[in-house]
Structures are given as C-alpha cells and as structure tokens.
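A.B. asks:
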Amino acid sequence: MAATYQPGIYKTTKALPGQEAQVQPGMLILIRTDAEFAPASVLLPVQNNNNQWRFQMPGLKVPSPDFGWANSLIKLPHEGFYRLLREHSFGDEGRWIKNAIVQLGYTRSADPILFIAQRRSPLVANDLFFSDKGVRVDLTTLSDMIEPLAWYQEPEKRAN
Numbered sequence: 000m001a002a003t004y005q006p007g008i009y010k011t012t013k014a015l016p017g018q019e020a021q022v023q024p025g026m027l028i029l030i031r032t033d034a035e036f037a038p039a040s041v042l043l044p045v046q047n048n049n050n051q052w053r054f055q056m057p058g059l060k061v062p063s064p065d066f067g068w069a070n071s072l073i074k075l076p077h078e079g080f081y082r083l084l085r086e087h088s089f090g091d092e093g094r095w096i097k098n099a100i101v102q103l104g105y106t107r108s109a110d111p112i113l114f115i116a117q118r119r120s121p122l123v124a125n126d127l128f129f130s131d132k133g134v135r136v137d138l139t140t141l142s143d144m145i146e147p148l149a150w151y152q153e154p155e156k157r158a159n
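The sequence shown: position 35 = 34 (numbering that gives the first Met the number 0), numbered continuously.
#1: So, helix, strand or coil for Glu162, using DSSP?
#2: Look up Tyr151 in the DSSP assignment and give the residues it is bridged to.
#3: In chain order, which alpha helix (DSSP H) runs of at least 4 residues are fully inside the stretch 87-150?
#4: Determine the extent of the alpha helix (DSSP H) in which Asn47 is found, giving its start and end residues.
#5: Could you check the C-alpha separation between Pro24 and Val41 for me, to the nearest Å?
#6: Could you check what DSSP says for Ser71 in three-state terms: helix, strand or coil?
#7: In or out: Thr11 buried (at least 16 other Cβ within 10 Å) or exposed?
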C-alpha cells in the first residue's frame, strides 16, 4: 500500500530512498502533493528571505514504495506569526514577555527559531520589524510555547 503524504514542512530523520545524496536525515523539506507534484514531491530549501524559506522547484518525486520514509518524517508548524503563550527566557539576560508577537522560522537542519516583533524608533511607519537574528528553541517544547496568529496578506502588486 502506498504511503499518503500531507503537504507541509517537515524534518527528515531518514534519507529519501533513491535520493540519499540529496535528502539526508536532519533536513528541512517541503512536501507538495498538488498537480505535477502528485502523489508527493520533496522540495529542498534554497533561499531564506525575511525569515521564510523558498524551496527549489521542481522537486524530487517520492518513490513508491517509500520503505517507510513517510512515517519517519516529523511534521513542523508552519513558518509564520505566533504569540507566546508564556514568558520565554534565553541566554544570560534575554526575556520575551507572554503574548509577545513572534515569527517562526527554521534553520536548514529544521531547528526552530523565533524572531521577536519590534517597533523601530523613531517610528516612521506603522510596521512591525523582525530581525534576521532570532533565538533557537527546542522543537519538543515549541507547540507549548506558541499559538498561531491570523493576518491579512496584501496581494502582490502587479505592473499595469
């Protein structure tokens, strides 16, 4: 029976059969299952912009059978914006307060990183700023630390 894949980002724990050189354990990957990616394809991270990964197209088809590879993947929370459910302390004196807005991102090895929302001074625009320097957090405690936020994504502006 063929494995069923859900789209999203994952951490690998085993090499992808037939693609061991490209997809090894401990990597951040994107699984796509739509259109030409069906039944499942693995896309690798190639560029990080604003703490979010862009993934390489067209991807690598997951073989069938996959020899249990689907069950070896660790599903990760989506990159995006969250609120802290509790205070978070780090380093010698670092501390973020409960309910702070954070952005979740990942390293290439799928380690989660939180970036704190900041308002710049002097205030020139009504924008939040997220540094490209974040704080690594433990994947096993991440779901107890954050809650997803909703936001409006402005459509891409096109030239007339």
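Backbone N, C-alpha and C define an ideal beta-carbon position, used for all residues, glycine too.
Every value quoted in this text rests on a predicted model; they were computed, and no experiment measured them.
C.D. replies: Short version:
#1: It is not possible to answer for residue 162, since the shown part of the chain is limited to 0 through 159.
#2: Residue 151 sits at position 152 when you count from the first residue of the sequence shown. Per DSSP, none; premise fails for Tyr151.
#3: Entirely contained in the stretch 87-150, the alpha helix (DSSP H) runs reaching 4 residues are, in chain order, 138-144.
#4: Position 48 of the sequence shown, counted from the start, is the residue given in the question as residue 47. No alpha helix (DSSP H) contains Asn47, which is instead part of the beta strand (DSSP E) from 44-48.
#5: Along the sequence shown, one-based indexing puts residue 24 at 25. Along the sequence shown, one-based indexing puts residue 41 at 42. Computed Cα separation, rounded: 13 Å.
#6: The residue given as residue 71 occupies position 72 in the sequence shown. Shown here, Ser71 sits in a helix according to DSSP, grouped into three states.
#7: Start at 1 with the first residue of the sequence shown, and residue 11 comes out as number 12. It is buried - the Cβ of Thr11 has at least 16 other Cβ atoms within 10 Å.
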